[in-house]
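**Q**
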Amino acid sequence: MRRPKSHQTMKTILAIILIILILPFAACQIGDSKSPSEPNNPTASPTPSGSGTPTKKPTPNVTPIPPGKIVNLMATLKANPDVKAAKTDEDKAAILNDFTVRLIRAQLAEREKNKENNKNFLLSPYVMQSVLAMVANGAGGDTLTEMLAVLGGEALTSGHPGGNSGTSGGGKSGSNSDGAATADATLRALNELILGTRRDSERELQQLFISGSIWYRTDVEDFRINPNFLQTNADYFGIPSFGAPFNDDTVKAVNDLIDKQTKGLIKEIIKEFKDENRVALFSTLLFEAKWLHPFAEAHEQENWFTNIDGQKQSVRAMWVKDEIVFEVKGGQATLRPYEGENYAMLLILPDEGTLPTDLLKSWTADDWYKTIMIRRKLDATRAYAAITLPAFTFGTDKDNMIPALEAIGMELVFDEGAADLSSMGSVAGNLYVSELEHKAKIVVNEQGTIAAAVGSALCSNVSMPQNFLTFDRPFAYAIVDLNTGVPYFIGVMNSIDETPPPTIKD
112 MRRPKSHQTM
122 KTILAIILII
132 LILPFAACQI
142 GDSKSPSEPN
152 NPTASPTPSG
162 SGTPTKKPTP
172 NVTPIPPGKI
182 VNLMATLKAN
192 PDVKAAKTDE
202 DKAAILNDFT
212 VRLIRAQLAE
222 REKNKENNKN
232 FLLSPYVMQS
242 VLAMVANGAG
252 GDTLTEMLAV
262 LGGEALTSGH
272 PGGNSGTSGG
282 GKSGSNSDGA
292 ATADATLRAL
302 NELILGTRRD
312 SERELQQLFI
322 SGSIWYRTDV
332 EDFRINPNFL
342 QTNADYFGIP
352 SFGAPFNDDT
362 VKAVNDLIDK
372 QTKGLIKEII
382 KEFKDENRVA
392 LFSTLLFEAK
402 WLHPFAEAHE
412 QENWFTNIDG
422 QKQSVRAMWV
432 KDEIVFEVKG
442 GQATLRPYEG
452 ENYAMLLILP
462 DEGTLPTDLL
472 KSWTADDWYK
482 TIMIRRKLDA
492 TRAYAAITLP
502 AFTFGTDKDN
512 MIPALEAIGM
522 ELVFDEGAAD
532 LSSMGSVAGN
542 LYVSELEHKA
552 KIVVNEQGTI
562 AAAVGSALCS
572 NVSMPQNFLT
582 FDRPFAYAIV
592 DLNTGVPYFI
602 GVMNSIDETP
612 PPTIKD
């Protein structure tokens, strides 16, 4: 039996009304769903929580990444030229040097535990502090608080380093009542400190080159980068960011960039990406300078170096006269300036019976600062000494830095279950730092020094120097900034490679 036409008309009208009511909800569901390519578009990232990036900051416009392509985002992520930089005064240098002392001690202790204390040693605490500061811009909660405590703590905002002079962490950077506001202020102060060192390096005669890069993964569905994280690092670190698939092509691109940033000293930092990798961060440091007064090669006689094991090695010795030598805690030292007299190599010959590593472990942040700055106080009328130093080159393997950082109080960021890197991006799981490594190389010869890294002494008095200071046994050295009192590279030579150092080219 057919229903009346009026009844069918009413049914049609009700169906149309129902469709109209449902459409807005359907549109919301479509808008909230994620297409396969959406994780590759970082413009829709979550709002940061508990990080040093202000939550009200406009989201940067980041170009979507085509599948399978490597895209440099510097075209859209412009560094803000108006961000504030901290002046590297004595207090700020003390913050940098405090971290340096704690990391050096922890890493030397780790090497001793692994029975590697007889090997040569080279570390740039600065690049480790820098790359961890980059990570901290993506951290939140207790992870951020702990990282900031190790990287500078309350001294970053108070301007006064802790009284322990490098014997422990800098203290918590904010109580529970202070919350995210204190963490934000401390993180901003850390960023301003790093930016200040970058601007210090940009002198008319530039010899220190600070760089790096960030790479985030675009060939997975479970991760989206936070554009504010990239923008903050662009503002303070001036580094490029890349969206890329984590494949062999990207491995090559990463290593090619590292090779370029370190002028060929470090050609490879990564062999492959692992399936679980989502973000890779790199900090690089290159130092290249000629001596203010070059060494002469010592041809007159055969020169010997007694290594840490007591074995004598024939070495190519370099010689220079009229250098000031002064006493430091545990030995004697000289500061050899480079052209421009902004930087110098601090060479330390320990007292007989003292190992260079033991000397380095005994020094405080104050010892480093006063030793570096002493050159400006030395009386030009004092006696001078002739210096004999072996030419040398040394490169490290990749050193795992996680145990050393854990030893000085940074643990949460390496804990896959407890780490909070939520301000770095969104992930279907939890982000944590799975690897933290350091690699470095140095070449010292008659003309000057070139050194690169990826990922320095309380003077009891100034005594009259001996007539000669001969570095013919294990010694310590550092490349230091004479204006700020900050060491950028610190090393120990326990033995000399028989391969002569290459000539430093113009």
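Numbering follows our numbering, in which position 438 of the sequence shown is assigned residue number 549; successive positions increment by one, without gaps.
Glycine included, C-beta positions come from ideal geometry on N, C-alpha and C.
(1) Distance check for V390 and I336, CA to CA, integer angstroms please.
(2) Let me check one thing: in DSSP terms, what residues is N511 bridge-paired to?
(3) Taking C-alpha atoms, which residue in F393, E557 and T468 lies nearest to R427?
(4) Assuming Y449 is part of the beta strand (DSSP E), what are its boundary residues?
(5) Runs of 4 residues minimum, wholly inside the stretch 307–348: which ones carry the alpha helix (DSSP H) assignment?
(6) Leaving out the 5 sequence neighbours to the left and right, which residues in its chain are closer than 8 Å to V365 when beta-carbon positions are compared?
(7) Going by the CB atoms, is the gap between L470 and G441 shorter than 8 Å?
(8) Within 10 angstroms of the Cβ of Q240, are there 16 or more other Cβ atoms? Answer buried if so, exposed if not.
(9) Just verifying my parser: in three-state terms, what is the DSSP assignment at E557?
(10) What are the residues that DSSP puts in a beta bridge with D592?
(11) For D386, tell me which candidate among F525, D359, G249 and I561 has the shortest Cα-Cα distance.
(12) Starting from the Cα of F232, find the closest Cα among M185, A564, D583 and K180 and give me that residue.
(13) Would you check if the stretch 513–522 and the stretch 589–597 touch, i.e. whether three or more CB-CB distances between them fall below 8 Å?
(14) What's the call for G179, buried or exposed, on a 16-neighbour Cβ count within 10 Å?
(15) Residues in the same chain with beta-carbon distance under 7 Å from I519, minus the five sequence neighbours each way, listed in chain order, please.
(16) Are the Cβ atoms of K481 and E450 separated by less than 8 Å?
(17) Are the C-beta of E399 and some C-beta of chain B separated by less than 8 Å?
(18) Use the C-beta contact count for V603: other C-beta atoms within 10 angstroms, 16 or more gives buried, fewer gives exposed.
(19) In terms of residues, what are the limits of the beta strand (DSSP E) holding Q424?
(20) Return the chain-ordered list of same chain residues with a C-beta closer than 6 Å to the C-beta of L500, the five sequence neighbours on each side being excluded.
(21) For the alpha helix (DSSP H) that E201 lies in, which residues bound it at each end?
(22) CA-CA distance, G464 and R299?
(23) Beta-carbon separation of A407 and D209 under 8 Å?
(24) I'd like to know whether the C-beta atoms of A81 and L255 end up nearer to each other than 8 Å.
(25) Determine the closest residue to A190 out of L341, A530 and K378, with distance taken between C-alpha atoms.
(26) Distance check for V591 and A204, CA to CA, integer angstroms please.
(27) Please name the residue, chosen from I305, I377, N183 and E227, that lies closest to P236 on a Cα-to-Cα basis.
(28) Can you tell me which of the three DSSP states S235 falls into?
(29) S269: buried (16+ other C-beta within 10 angstroms of its C-beta) or exposed?
(30) V194 by DSSP, collapsed to three states: which one?
(31) Helix, strand or coil for F586, going by three-state DSSP, please let me know.
(32) Rounded to whole angstroms, what is the Cα-Cα separation between L466 and K374?
(33) Determine the direct distance from the alpha carbon of N453 to that of M185, and round the result to whole angstroms.
(34) Cα separation between E223 and L301?
(35) In the DSSP output, which residue or residues are listed as bridge partners for I380?
(36) Could you work out which residue in I483, F437 and N229 is closest to D462 when comparing CA atoms only?
**A** Considering the structure as presented:
(1) For this step, residue 336 is matched to residue 225 along the sequence shown. For this step, residue 390 is matched to residue 279 along the sequence shown. The alpha-carbon atoms of I336 and V390 are separated by roughly 9 Å.
(2) What you label residue 511 is simply residue 400 of the sequence shown in a count that begins at 1. N511 pairs with E548.
(3) Here the question's residue 427 lines up with position 316 in the sequence shown. Nearest of F393, E557 and T468 to R427, Cα basis: E557.
(4) As a position in the sequence shown, residue 449 is number 338, starting the count at 1. Where Y449 is concerned, there is no enclosing beta strand (DSSP E), given that its DSSP letter is neither H nor E.
(5) 338–348
(6) Your numbering for residue 365 matches position 254 in the sequence shown. S324, W326, I380, I381, A391 and F393, listed in sequence order.
(7) Locating residue 441 in the sequence shown gives position 330, where the first residue counts as 1. Locating residue 470 in the sequence shown gives position 359, where the first residue counts as 1. Cβ distance < 8 Å, so G441 and L470 count as in contact.
(8) On the sequence shown, residue 240 is found 129 positions in, with the first residue counted as 1. Buried: at least 16 other Cβ atoms inside 10 Å.
(9) Translated into positions along the sequence shown, residue 557 becomes position 446. Note: E557 maps to coil in three-state DSSP.
(10) As a position in the sequence shown, residue 592 is number 481, starting the count at 1. Answer is Y454 and V597.
(11) Here the question's residue 386 lines up with position 275 in the sequence shown. Of the listed residues, the one whose Cα sits closest to D386 is D359.
(12) Residue mapping note: residue 232 aligns to position 121 of the sequence shown, counting from 1. Of M185, A564, D583 and K180, the residue nearest in Cα terms is A564.
(13) no
(14) Within the sequence shown, numbered from 1, the residue matching residue 179 stands at position 68. It counts as exposed.
(15) In the sequence shown, counting from the first residue as 1, residue 519 sits at position 408. Same-chain partners within the cutoff: R213, L214, A217, V261 and G280.
(16) Here residue 481 refers to the residue found at position 370 when the sequence shown is read from its first residue. Here residue 450 refers to the residue found at position 339 when the sequence shown is read from its first residue. Taking 8 Å as the Cβ cut-off, K481 and E450 do not qualify as a contacting pair.
(17) In the structure shown, chain B cannot be found, because there is only a single protein chain.
(18) On the sequence shown, position 492 is the one that residue 603 refers to. Classification for V603: buried.
(19) Residue numbering aside, residue 424 sits at position 313 when the sequence shown is read from its first letter. Run containing Q424: K423 to V426, per the beta strand (DSSP E) assignment.
(20) One-based indexing of the sequence shown puts residue 500 at position 389. So the qualifying residues of the chain are M429 and F582.
(21) For the purposes of this step, residue 201 is taken as the residue at position 90 of the sequence shown. Segment E201 to K224, the alpha helix (DSSP H) holding E201.
(22) Working through the sequence shown from its first residue, we reach residue 464 at position 353. Working through the sequence shown from its first residue, we reach residue 299 at position 188. Using only the alpha carbons, I get a separation of about 45 Å.
(23) As a first step, residue 407 must be located in the sequence shown, where it is residue number 296. As a first step, residue 209 must be located in the sequence shown, where it is residue number 98. For A407 and D209, no; Cβs fall outside 8 Å.
(24) The displayed coordinates of the chain run from 112 to 617. Any statement about residue 81 would go beyond what the structure contains.
(25) Locating residue 190 in the sequence shown gives position 79, counting from the first residue. That would be L341, whose Cα lies nearest to the Cα of A190.
(26) Indexing the sequence shown from 1 puts residue 204 at position 93. Indexing the sequence shown from 1 puts residue 591 at position 480. Taking the straight line from one Cα to the other gives about 12 Å.
(27) Locating residue 236 in the sequence shown gives position 125, where the first residue counts as 1. Nearest of I305, I377, N183 and E227 to P236, Cα basis: I305.
(28) As a first step, residue 235 is located in the sequence shown; it is residue number 124 there, counting from the start. S235: coil per DSSP, three-state reduction.
(29) For the purposes of this step, residue 269 is identified with residue 158 of the sequence shown, where counting begins at 1. By the neighbour-count rule (16 or more Cβ atoms within 10 Å), S269 is not buried but exposed.
(30) The residue you call residue 194 lines up with position 83 of the sequence shown. Coil at V194, not helix or strand.
(31) Along the sequence shown, one-based indexing puts residue 586 at 475. Looking at F586 - three-state DSSP - the assignment turns out to be strand.
(32) Against the sequence shown, residue 466 aligns to sequence position 355. Against the sequence shown, residue 374 aligns to sequence position 263. Cα to Cα, the separation comes out at about 32 Å.
(33) To locate residue 185, count along the sequence shown from 1; it is residue 74. To locate residue 453, count along the sequence shown from 1; it is residue 342. Each residue's Cα considered, the two are about 31 Å apart.
(34) Translated into the one-based positions of the sequence shown, residue 223 becomes position 112. Translated into the one-based positions of the sequence shown, residue 301 becomes position 190. Each residue's Cα considered, the two are about 31 Å apart.
(35) Within the sequence shown, numbered from 1, the residue matching residue 380 stands at position 269. Its beta-bridge partners do not exist; DSSP assigns none.
(36) Translated into the one-based positions of the sequence shown, residue 462 becomes position 351. Ranking the options by Cα distance to D462, first place goes to F437.
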